[in-house]
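Chemist: Sending over a structure as structure tokens; questions will come in a sec.
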Amino acid sequence: MVNERTGCVVAAKVELAVTRRARRVGLLGRTALDEASALVLAPCRAIHTAGMRFPIDVVFVDRHGRSLRVVRELTPWRIAFAARAYAAIEFTAGVSRGRIEPDDTLSLIRSEAAC
């Protein structure tokens, strides 16, 4: 996953949660998410961290991958949403800082370079 504004890879490995079951499970049961990974939940306007074991960063995007809201360091047992979002992208807490800002566009491409 690449930030089109900076050209930087923000996630080298991307998992997709596009079924109801996959979205419901999300990151539950995991003890961590690799810093080079992201989980895309689509469609999704709201997420919760109930039962999670670690904090996450969440980026809500529209259908074109434009970042509508960035929630950093969302701790367990919290809720976050963006009314106009199409998808939520979850990262390890702290990974998005300085790499993803509101109005950035994120896209899925094959890339070997990382920033």
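The numbers in the working numbering rise by one with no breaks, and the one at position 33 of the sequence shown is 1127.
Ideal Cβ positions, reconstructed from N, Cα and C, are used throughout, including at glycine.
Nothing here was measured: the structure is a model prediction, and the numbers come from that model.
(1) Do the region 1176–1189 and the region 1153–1166 meet, that is, are 3 or more Cβ pairs less than 8 Å apart?
(2) Looking only at C-alpha atoms, which of Pro1196, Val1096, Cys1138, Ala1187 sits nearest to Leu1223?
(3) Could you tell me which whole beta strand (DSSP E) segments of length 3 or greater appear in the region 1152–1185?
(4) Give me, in chain order, the residues of the same chain whose beta-carbon lies closer than 8 Å to that of Phe1175; leave out the 5 immediate sequence neighbours on both sides.
(5) Between the region 1127–1138 and the region 1104–1113, can you find at least three pairs of beta-carbon atoms closer than 8 Å?
(6) What did DSSP end up calling Ala1116 once you bin it into helix, strand or coil?
(7) If you reduce the DSSP assignment to three classes, tell me which class Val1134 lands in.
Modeler: Inspection of the coordinates gives the following:
(1) Yes, they touch.
(2) The question about residue 1223 has no answer here: the residues shown for the chain are numbered 1095 through 1209.
(3) The region 1152–1185 contains these whole beta strand (DSSP E) runs: 1161–1168, 1173–1175.
(4) Here residue 1175 corresponds to residue number 81 of the sequence shown, with the count starting at 1. Around Phe1175: Arg1139, Ala1140, Ile1141, Phe1154.
(5) The region 1104–1113 is in contact with the region 1127–1138.
(6) In the sequence shown, residue 1116 corresponds to position 22, counting from 1. Of the three classes helix, strand and coil, the one that applies to Ala1116 here is helix, per DSSP.
(7) Counting from 1 along the sequence shown, the entry for residue 1134 is found at position 40. Strand at Val1134.
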